[in-house]
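Peer 1:
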Amino acid sequence: MARDRVACLDACAALHLPVFVKPARGGSSLGISKVEDSAGIEAAVELARGYDPKVIVEQGFVGARELECGILEDPDGGRPVASEVAEIRVLTESGFYDFKTKYLADELVDLVVPADIPAELADEVRELAVRTFEAIGCEGLARVDVFVTTEGRVVVNEINTMPGFTVHSMFPRMWAASGLDYPALLDRLITLAQRRPVGLR
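Numbering (numbering that gives the first Met the number 0), first residue to last: 0 to 200.
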C-alpha cells in the first residue's frame, strides 16, 4: 500500500467481505484483523505493518468450518504422515480465532480432536495437508489449516511451518489423538532434526 495505495485498495475491493488482513510472516494471530467494512482496510493494513512490512489481505469465508491437520516428515524417507484432523469452534460473536482466543481464554473456543466429520472428509483433509507440505518443500513438521465451505469444498487457509506447542496448541493434541504422545512427538522431532543435512538444498 505504501507503493501504490489506489491499486492495493482496488485489489482489496475485488474480494468479498469479510477479509482478513495479516502480517505475511507473523504468527499467533498477532497483528491480524477481521475486516467487515471496506472503510476499515487501511487501518487494518497499518496494524499489520507494525509486525511485518509485507501484508496479506485474504478472502474470508462465511459459515465455513475450520479444520487442522498435523504433518510429520517420515523418518524413513516416505511420504509425510498426517495426524488425526481437528476442528476449532470459536464461540465468540466475531468467530475470529485471535490471540486472546488462542492463548488466554479457554471458554472462548472449543477444540475438538478428532473432528466430528465423515471419514471421507477427514481423508480428503489429510491428503490435501500432505500435498501442501510437499508442495512447498517443508521439512520436519507443519500444521495445515483448511476451511470447509458451506458447499463442502476444502480450501487451504495456511500452513504453519512452526506450529505452537503450548498446552492450548493443536499440533501436540492432534498427534496425541493419533497415538503419538508428547514425549514421543518430541523424540520424533529430535530424530528428524538430527538426520537433516545442514546448509541450503
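Positions of the beta carbon are idealized from the N, C-alpha and C atoms, including for glycine.
For clarity, every value in this text was computed on a predicted model and none was experimentally measured.
Pick helix, strand or coil for Val-5, following the three-state DSSP scheme.
Peer 2: If DSSP states are grouped into helix, strand and coil, Val-5 belongs with the helices.
Peer 1: Report back the beta-carbon spacing between Arg-142 and Met-169 to the nearest angstrom; my notes put them in contact at under 8 Å.
Peer 2: 7 Å
Peer 1: Answer with buried or exposed for Ala-192, where buried requires no fewer than 16 other C-beta atoms within 10 angstroms of its C-beta.
Peer 2: Sixteen is the threshold: since fewer than 16 other Cβ atoms of the shown chains lie within 10 Å of the Cβ of Ala-192, the residue is exposed.
Peer 1: To the nearest angstrom, how far is the alpha carbon of Leu-184 from that of Pro-52?
Peer 2: 35 Å
Peer 1: What does a CB cutoff of less than 6 Å around Ile-158 pick up in its chain, not counting 5 residues either side in sequence?
Peer 2: Counting only Cβ-Cβ distances below 6 Å, and skipping sequence neighbours, we find Thr-131, Ala-141, Val-143.
Peer 1: Output needed for Gly-25: all residues of its chain with C-beta closer than 7 Å, excluding positions within five of it in sequence on either side, in chain order.
Peer 2: Tyr-50, Asp-51
Peer 1: Looking at the structure shown, is Gly-39 part of a helix, part of a strand, or coil, going by DSSP?
Peer 2: helix
Peer 1: Straight-line CA distance for Glu-138 to Glu-35?
Peer 2: 36 Å
Peer 1: Closer than 7 Å to a non-hydrogen atom of the ligand ZN - does that hold for the CB of Ala-121?
Peer 2: This structure does not include the ligand ZN; it has no bound ligands of any sort.
Peer 1: Checking the sheet assignment: what are the DSSP bridge partners for Ile-158?
Peer 2: Answer is Val-143.
Peer 1: Using the DSSP secondary-structure output, state which residues sit across from Cys-68 in a beta bridge.
Peer 2: Val-84, Val-143
Peer 1: Would Gly-62 and Thr-149 be called neighbours here (beta carbons separated by less than 8 Å)?
Peer 2: yes
Peer 1: Taking the beta carbon of Gly-76 as the centre, do at least 16 other beta carbons fall within 10 Å, making it buried, or is it exposed?
Peer 2: exposed
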